[in-house]
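J.:
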Amino acid sequence: MPKQKIRTRFAPSPSGLLHLGHAYSALFAEKEAKDGDGTLLLRFEDIDRERCDPKYEKQIEEDLSWLNIKWEDSPRRQSEHLTDYSAALKKLETLNIIYPCFLSRRELNDALSAPHNIPTQTNDIMPLNTDQYLSETERERRIKKEEPFALRLRMTTALKMVGPLYWHDIDKGPQIARPEIFGDAVIARKDIPTSYHLSVVVDDAIQKVTTVTRGNDLFEATHLHRLLQELLGLHVPLYKHHKILIDNNGERMAKRDKSITLQSLRLSGKKPADIYKMIGFTR
Ligand code: GLU
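FYI, the numbering for the sequence shown is 65 to 347, going by the numbering used here.
(1) Please enumerate, following chain order, all residues with a beta carbon closer than 6 Å to at least one heavy atom belonging to the ligand GLU.
(2) State the DSSP-derived secondary structure class of Phe108, mapped to helix, strand or coil.
(3) What did DSSP end up calling Arg71 once you bin it into helix, strand or coil?
(4) Would you tell me roughly how many angstroms separate the C-alpha atoms of Gly80 and Tyr120, rounded to the nearest one?
(5) Apart from the five residues just before and just after Glu114, which ones in its own chain have a Cβ nearer than 8 Å to its Cβ?
(6) Could you check where the beta strand (DSSP E) with Lys304 kicks off and where it finishes?
(7) Going by alpha carbons, who is nearest to His305 out of Phe74, Leu229 and Gln142?
(8) State the Cα-Cα distance for the pair Gly333 and Tyr197, rounded to the nearest angstrom.
(9) Rounded to the nearest angstrom, what separates Leu292 and Leu146 at their Cα positions?
(10) Pull up the DSSP beta-bridge partners for Ile256, would you.
(11) At which residues does the beta strand (DSSP E) containing Thr239 begin and terminate?
(12) What does the Cβ neighbour count give for Asn187, buried or exposed, with the cut at 16 atoms within 10 Å?
(13) Tell me the residue span of the beta strand (DSSP E) that contains Tyr120.
(14) Among Ala87, Ile234 and Arg170, whose alpha-carbon lies nearest the alpha-carbon of Glu126?
(15) Decide if Gly297 is buried, meaning its Cβ has at least 16 other Cβ atoms within 10 Å, or exposed.
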């Protein structure tokens, strides 16, 4: 059988300019593709219409081209594929593992920090059966008023349907999937009929991504993604998580810090080779 060609992707949100941390992530994805004689794809994760702006897409493409990073095809824009996500959502609905949650973030936090919810084993309390926190009458009232709701995954039921799951991190080896750490995760947000988690597993499957590369901050998210792949019958890519770059103050680089955007560095006369040096990346 011919060896499967490696396909990686760089998936920024066009909600600001790229900074040094993004450059590291993009080069990391590109290197993984190149080492395997494969291809790099570009995806704009722009489901959050409030935060994203198409003007950043152009600038992201410019920055990547300046760094001499090449991607295959035109970028996939998530906002243009909402029907793919709703099809996946339908599938989960037919499995009876999705339910509406009307709670606001504040209501949920209050409910979860109530004394009887103080956890004994972990510091994180994850929501389960959130409908228990709303009285039947209040729920009815919100339904009648057509108040917006999120859709949550019924974690306990979903786990029973699948059995033990694993995924493979290229650097760290085989991982036992622990999606339960998310509790009843939000699969479709109140404001958008999908979520990061749902969109990303659907896109990785549609774009035939063989190796998902991304920051270590999303390592735990992979547990939930593995469960969604199983429930949706999607292929399971390999994973490779990279370190998160920190700035001079020891903090995680952020879009709001204008001094480290690739655009400002470029305008201040820096060359791509300087950027590689700053982020300690050898090509
Ligand atoms: N859009 C995410 C970010 O900008 C990346 C998600 C992923 O690679 O799965 O951090």
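Yeah, the Cβ is synthetic: ideal placement off N, Cα and C, and Gly gets one too.
T.: Put simply:
(1) Ala75, Pro76, Ser77, Glu109, Val264, Arg278 and Leu282
(2) strand
(3) strand
(4) 6 Å
(5) For Glu114, same chain residues with a beta-carbon under 8 Å away, outside a window of 5 residues either side, are Asp255 in chain order.
(6) Segment Leu302 to His306, the beta strand (DSSP E) holding Lys304.
(7) Phe74
(8) 56 Å
(9) 17 Å
(10) Partner(s): none; Ile256 has no beta bridge.
(11) For the record, residue 239 in the displayed sequence is Gln; it is not Thr. First-last of the beta strand (DSSP E) with Gln239: Gly237 to Ile240.
(12) Legend: pLDDT at Asn187 = 47, less than 50; position of this residue unreliable, value from coordinates given subsequently. Label assigned to Asn187: exposed.
(13) Segment Pro118 to Trp130 is the alpha helix (DSSP H) holding Tyr120; no beta strand (DSSP E) there.
(14) Ala87
(15) exposed
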